[in-house]
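Have a look at the structure below, then the notes.
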Amino acid sequence: AIDESHPLALGVVGVHGKPGLAAAAKVISTSTLVVSFGVSDLTVLLCDQHGLQVRPMVEVVTDVLGSSTRFRALHTLVANPTKACEQLMAKLAQLPPPPPAGDEAT
36 AIDESHPLAL GVVGVHGKPG LAAAAKVIST STLVVSFGVS DLTVLLCDQH GLQVRPMVEV
96 VTDVLGSSTR FRALHTLVAN PTKACEQLMA KLAQLPPPPP AGDEAT
């Protein structure tokens with residue numbers, strides 16, 4: 036469960052193949068990589084309106100039976116999700132901060 040009142044909670048991804056809220060839809064449409072932890076249906080996250088995979092994915096599963104066979108993953112990690120999140124957060128913390136919006140290098 037997630038606290039939907041948390042400022043980082045953007046709302047539901049949606050049902051029936053459509054993103055639910057505008058913020059969630061924008062994050063999905065502008066994402067350059069999907070990191071999946073236990074998502075059973077990745078279609079909304081990975082595919083365009085034609086059902087073609089347009090975003091790369093890294094998936095984290097607890098056993099090989101949980102890995103996606105429908106979509107291509109750059110990497111599939113069979114790992115403890117909690118430890119994988121902790122290690123990912125530690126690595127991300129080492130990266131320099133992104134430039135402010137609108138200041139992208141050309």
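Using this note's numbering, you'd call the opening residue of the sequence shown number 36 and step up by one each time.
Glycine is no exception: its CB is placed at the ideal position from the N, C-alpha and C atoms.
Cβ neighbour criterion (16 or more within 10 Å) applied to residue i
{"i": "Leu81", "result": "buried"}
Reference residue i; option with closest CA among the options
{"i": "Arg105", "options": "His85, Leu68, Val70, Asp76", "result": "Asp76"}
{"i": "Val79", "options": "Leu43, Ala128, Val47, Ser40", "result": "Val47"}
{"i": "Val74", "options": "Ala57, Glu94, Pro133", "result": "Glu94"}
Distance between residue j and residue i (C-alpha atoms, nearest Å)
{"i": "Arg107", "j": "Asp98", "result": "17 Å"}
{"i": "Leu43", "j": "Leu68", "result": "18 Å"}
{"i": "Val96", "j": "Ile63", "result": "21 Å"}
Short CB-CB distance (under 8 Å) between residue i and chain D
{"i": "Ser103", "result": "Note that chain D does not occur in the displayed structure, where there is just one protein chain."}
### Query
Quick check: the stretch 108–128 against the stretch 83–90, are there 3 or more CB pairs under 8 Å?
no
### Query
In the stretch 64–124, which residue ranges form an unbroken alpha helix (DSSP H) of at least 4 residues, counting only runs that do not cross its ends?
78–81
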